[in-house]
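Sequential numbering of the sequence shown, starting at 7, is according to the numbering used here.
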Amino acid sequence: MSESTDAQATGSHTRFIFITGGVVSSLGKGIASASLGALLEARGLKVTFQKLDPYINVDPGTMSPFQHGEVFVTADGAETDLDLGHYERFSHARMSARNNFTTGQIYESVIKKERRGDYLGGTVQVIPHITDEIKDSILAVGDGADVALIEIGGTVGDIESLPFMEAIRQLGVELAGRCLYIHLTLVPYIPSAGEMKTKPTQHSVKELREIGIQPDVLLCRADREIPEDQRRKMGLFCNVPERAVVTALDVDTIYKVPLGFHRQQLDGIVLEKLGMDSGPPDLAPWERIVDAIDHPDAEVEIAMVGKYVDLTESYKSLNEALTHAGIQHRAKVAVRYVDAESIEGDGAAAHLDGVHAVLVPGGFGERGSEGKIAAIAYARSRGVPYLGICLGMQLAVVEFARNVAGLEGASSTEFDRTTRHPVIALLTEWLDEDGRIVTREAEGDLGGTMRLGEYPCILEEGSAVRAAYGREQVVERHRHRYEFNNQYYELLKEAGLMFTGSSVDGRLKEVVEAPDHPWFVACQFHPEFTSRPMEGHPLFSGFIRAALDHRQGLEATA
Numbered sequence: 007m008s009e010s011t012d013a014q015a016t017g018s019h020t021r022f023i024f025i026t027g028g029v030v031s032s033l034g035k036g037i038a039s040a041s042l043g044a045l046l047e048a049r050g051l052k053v054t055f056q057k058l059d060p061y062i063n064v065d066p067g068t069m070s071p072f073q074h075g076e077v078f079v080t081a082d083g084a085e086t087d088l089d090l091g092h093y094e095r096f097s098h099a100r101m102s103a104r105n106n107f108t109t110g111q112i113y114e115s116v117i118k119k120e121r122r123g124d125y126l127g128g129t130v131q132v133i134p135h136i137t138d139e140i141k142d143s144i145l146a147v148g149d150g151a152d153v154a155l156i157e158i159g160g161t162v163g164d165i166e167s168l169p170f171m172e173a174i175r176q177l178g179v180e181l182a183g184r185c186l187y188i189h190l191t192l193v194p195y196i197p198s199a200g201e202m203k204t205k206p207t208q209h210s211v212k213e214l215r216e217i218g219i220q221p222d223v224l225l226c227r228a229d230r231e232i233p234e235d236q237r238r239k240m241g242l243f244c245n246v247p248e249r250a251v252v253t254a255l256d257v258d259t260i261y262k263v264p265l266g267f268h269r270q271q272l273d274g275i276v277l278e279k280l281g282m283d284s285g286p287p288d289l290a291p292w293e294r295i296v297d298a299i300d301h302p303d304a305e306v307e308i309a310m311v312g313k314y315v316d317l318t319e320s321y322k323s324l325n326e327a328l329t330h331a332g333i334q335h336r337a338k339v340a341v342r343y344v345d346a347e348s349i350e351g352d353g354a355a356a357h358l359d360g361v362h363a364v365l366v367p368g369g370f371g372e373r374g375s376e377g378k379i380a381a382i383a384y385a386r387s388r389g390v391p392y393l394g395i396c397l398g399m400q401l402a403v404v405e406f407a408r409n410v411a412g413l414e415g416a417s418s419t420e421f422d423r424t425t426r427h428p429v430i431a432l433l434t435e436w437l438d439e440d441g442r443i444v445t446r447e448a449e450g451d452l453g454g455t456m457r458l459g460e461y462p463c464i465l466e467e468g469s470a471v472r473a474a475y476g477r478e479q480v481v482e483r484h485r486h487r488y489e490f491n492n493q494y495y496e497l498l499k500e501a502g503l504m505f506t507g508s509s510v511d512g513r514l515k516e517v518v519e520a521p522d523h524p525w526f527v528a529c530q531f532h533p534e535f536t537s538r539p540m541e542g543h544p545l546f547s548g549f550i551r552a553a554l555d556h557r558q559g560l561e562a563t564a
């Protein structure tokens, strides 16, 4: 018998809110979940979140960014869905591997149990074995929280999401009075008819009720306010009280969503249905955020040079971190997305002239690398503020090695295994006496594996990065395989490259800076993963401050 059958005894005070979607995908279940969680947290409740993804991949780590968008990395090194980034940005909850499960992970766990003989030779089936595994994961994540918000990926009616739907239906019975169902749908406006259409929502709820789930709240995504008679109609046909039919209105920034939900009393409705009491929410921080976004004092343009620029979801956390830094300085941050391959054909100046700062984000693969290197050279040689992240740090080292230290053809072994100057390489790669790359045995479990999760970094006194953070040691999240090759440390340091951040043992170089430059900082880690709208992140704040100063300088000399 599964642990989930004893659900009443597990975290007996925790309430569960299940968020499903209908009509079409990509309606914003993640933002809706995060926003409701923010409101409940503002009322003094402890919240947590979980994303259940129906795809069979074990995790998004090996999926194309064009299909899946950004891979968010948690503190414990899990590669997860980008919605976990929204959960962390909107609340103080810390996500981990247990906050994101895929169909692949669920089936993998069940199959391993079957191979071990845990089921005593019984026939393994979707019900109860798969659904029990899903329920166990939900109950585990809710332990210790007042409210757990569980988002089901995909759209109601998708065949792959049925086990998740059945699992949350069963929990509604087992945890009577402690579960609430929210269904997010689309209410389209038909210009030719001049009216909004409720039929898609009615059909979506019909599909949900056929599974055995009756929604308690409808979130209706719309590009305009939904008339009262339409809300009443949806409530009537979907068996939902009219006051629980809430408009999820399109907004120009996601940070307006919590305030919009609160104006419609969503948090109060949820607490009432769950039988919970709390004080009024403190929404002053959200009001300050929105005010800074709506009334900026200045504007800067940042060139983001990458290879996924046609799909900005690939840089979700980066874009949000830039917005957060803009909030800190009451500045609007406009991002100019530049395809690195275009720079290879046209030159850096054709795409970067006039920008106030340059950012090269993380990434994998050789495509566009020379364009990124050209962009870095442009920023370094012209005094344009630069921030390099992960690959952006590695290529900053390559650019400096080539153009300042005179190491012709310097490169990363990720791109060129034959280079005589592998300034970036795997930890397992070294040079022999003839300068050829040889592969040696992996040292411990760092070897040739991906470095994932939080690691501490020591910052050099007097450096720009130390001034930005205001402290000697920081902890940041990583997602990479290649590192700076320490065999080039003395040579590049003598040429002027400043190594201003290192691992605690000094073995790994984490941050580099260029000499005699107003702001040229490149880090091996991903600071965007820990940026929050309330505080921002020190590196992004320093970067935007430098961009504002650079703009002032350009205007003064114009």
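C-beta: ideal position from N, C-alpha, C; glycine also.
Check: Inter-residue Cα distance where the pair is His-484 and Gly-83; Outcome: 8 Å
Check: CA-to-CA distance, Ala-154 to Ser-35, given in whole angstroms; Outcome: Sequence inspection shows Lys at residue 35; the Ser mentioned does not correspond to that position. Taking the straight line from one Cα to the other gives about 15 Å.
Check: Stretch-stretch touch, CB-based, cutoff 8 Å, three pairs: the stretch 105 to 117 with the stretch 41 to 57; Outcome: yes
Check: CB of Lys-279 within 8 Å of CB of Asp-235, strictly; Outcome: no
Check: Ala-354 versus His-362, Gly-369 and Ala-381, residue with shortest Cα-Cα distance; Outcome: Ala-381
Check: 7 Å Cβ shell around Glu-248 - same chain, five flanking residues per side excluded; Outcome: Arg-237, Arg-238 and Gly-241
Check: Nearest candidate by alpha-carbon position, reference Val-344, set Lys-338, Lys-499 and Ala-309; Outcome: Ala-309
Check: Beta-carbon spacing of Ala-290, Arg-336 below 8 Å; Outcome: no
Check: Paired residues, beta bridge with Ile-652 - DSSP; Outcome: Beyond the ends of the chain as shown, which are 7 and 564, falls residue 652; an answer cannot be given.
Check: Contact belief for Ala-411 with Ala-501 at Cβ below 8 Å, rounded distance in angstroms; Outcome: 4 Å
Check: From Gly-110, Ala-40, Val-130 and Ile-23, residue whose alpha carbon lies closest to that of Asn-63; Outcome: Gly-110
Check: C-alpha distance - Asp-164 paired with Phe-22, whole-angstrom precision; Outcome: 23 Å
Check: Cα-Cα separation, Val-339 to Phe-490; Outcome: 31 Å
Check: Euclidean distance between Cα positions of Gly-371 and Thr-434; Outcome: 19 Å
Check: Helix, strand or coil at Pro-428 according to DSSP, with G and I counted as helix; Outcome: strand
Check: Contiguous alpha helix (DSSP H) assignments of at least 4 residues, all confined to the stretch 310 to 352; Outcome: 322 to 334 and 346 to 352
Check: Test item: CB-CB of Ser-509 and Glu-516 under 8 Å; Outcome: yes
Check: Check whether His-330 and Phe-546 have beta carbons under 8 Å apart; Outcome: yes
Check: Assigned secondary structure, Pro-462 (DSSP; H/G/I helix, E/B strand, else coil); Outcome: strand
Check: Opposing strand residues paired with Gln-479 [DSSP bridges]; Outcome: Ile-464
Check: Extent of the continuous beta strand (DSSP E) run through Thr-434; Outcome: Taken as a continuous stretch (DSSP letters only), Thr-434 belongs to no beta strand (DSSP E), as it is neither H nor E.
Check: Beta-carbon proximity of Tyr-261 to Pro-533, cut-off 8 Å; Outcome: no
Check: Closest residue to Ile-37 among Leu-46, Val-116, Lys-52 and Gly-91 (Cα-Cα distance); Outcome: Gly-91
Check: Proximal residues to Arg-513 (C-beta, below 8 Å), its chain only, five neighbours per side dropped; Outcome: Asn-492
Check: Within 8 Å, strictly: CB atoms of Tyr-488 and Leu-432; Outcome: yes
Check: Inter-residue CB distance, Phe-96 and Asp-87 (contact presumed, cutoff 8 Å); Outcome: About 15 Å separates the two Cβ atoms, so there is no contact after all.
Check: Cα-Cα separation, Leu-255 to His-268; Outcome: 13 Å
Check: For Gly-332, the nearest candidate out of Glu-347, Ser-348 and Ile-295 (CA to CA); Outcome: Ile-295
Check: Enclosing beta strand (DSSP E) for Leu-155 [first to last residue]; Outcome: 153 to 158
Check: Beta-carbon proximity list for Trp-525, same chain, < 6 Å, skipping 5 on both sides; Outcome: Pro-391 and Ala-552
Check: Inter-residue Cα distance where the pair is Glu-449 and Ala-385; Outcome: With a pLDDT of 42 at Glu-449, under the threshold of 50, the predicted position of this residue should be treated as unreliable, though the coordinate-derived value follows. Each residue's Cα considered, the two are about 36 Å apart.
Check: Tyr-495 to Val-364 span [Cα, whole Å]; Outcome: 25 Å
Check: Local Cβ density within 10 Å of Gln-558, reported as buried at 16 or more and exposed below that; Outcome: exposed
Check: Proximity of Val-341 and Asn-325 at Cβ, strictly below 8 Å; Outcome: yes
Check: Neighbour-count burial assignment, Val-257, 16 or more Cβ in a 10 Å radius; Outcome: exposed
Check: Strand pairing of Arg-457, partner residues [DSSP]; Outcome: His-486
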